[in-house]
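Visitor:
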Amino acid sequence: MATTWYVDPANGDNSHSGTSEGEAVEQIVYAYDNLSTDGDTIVCMDGEYDDAQFPGSWFSQKITLKAQNERGAYVNRSGSASPWAIAFRPSNG
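For the sequence shown, full-length UniProt numbering begins at 1 and goes up steadily by one.
What follows is the structure, encoded as structure tokens:
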């Protein structure tokens, strides 16, 4: 059964369960590496995420990564004032 995991960069804590907004973990990479499996959704709550939040160049698990609110969650490259583009590509299966 698919599960929805919550990430909150401002108020999350990686000791939380990640299963609700009030129990959000702090890092996308933590939710991805330690909680999620194929078919799950990771909801990025409003706030600023940096490039260290991501588990590498490609996600190997088939998950959905989405913002809680349109334009509410954004990525800012560490040590850079320029925006960081995230490209999504369709799965091969």
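Where a beta carbon is used, it is the ideal one built from N, C-alpha and C, also for glycine.
Leaving out five residues on either side along the sequence, give the residues of the same chain with a beta carbon under 6 Å from the beta carbon of Tyr-49.
Guide: So the qualifying residues of the chain are Pro-9, Val-75.
Visitor: Flag this pair as yes or no: are the beta carbons of Val-7 and Val-29 separated by less than 7 Å?
Guide: Taking 7 Å as the Cβ cut-off, Val-7 and Val-29 do not qualify as a contacting pair.
Visitor: Distance check for Gly-12 and Thr-3, CA to CA, integer angstroms please.
Guide: Those two C-alpha atoms are separated by around 18 Å.
Visitor: At the level of alpha carbons, what is the spacing between Cys-44 and Met-1?
Guide: Cys-44 and Met-1: Cα-Cα distance of roughly 20 Å.
Visitor: I need the DSSP call for Ala-10, collapsed to helix, strand or coil.
Guide: Ala-10 falls in the coil class under three-state DSSP.
Visitor: Please state whether the Cβ-Cβ distance between Lys-62 and Asp-38 is less than 7 Å.
Guide: It is a contact, given that the beta carbons lie within the stated cut-off.
Visitor: With DSSP as the reference, label Ala-24 as helix, strand or coil.
Guide: Coil.
Visitor: So, for Asp-40: in the same chain, excluding its five sequence neighbours on each side, which residues have a beta-carbon less than 6 Å away from its beta-carbon?
Guide: Same-chain partners within the cutoff: Ala-2, Thr-3, Ile-63.
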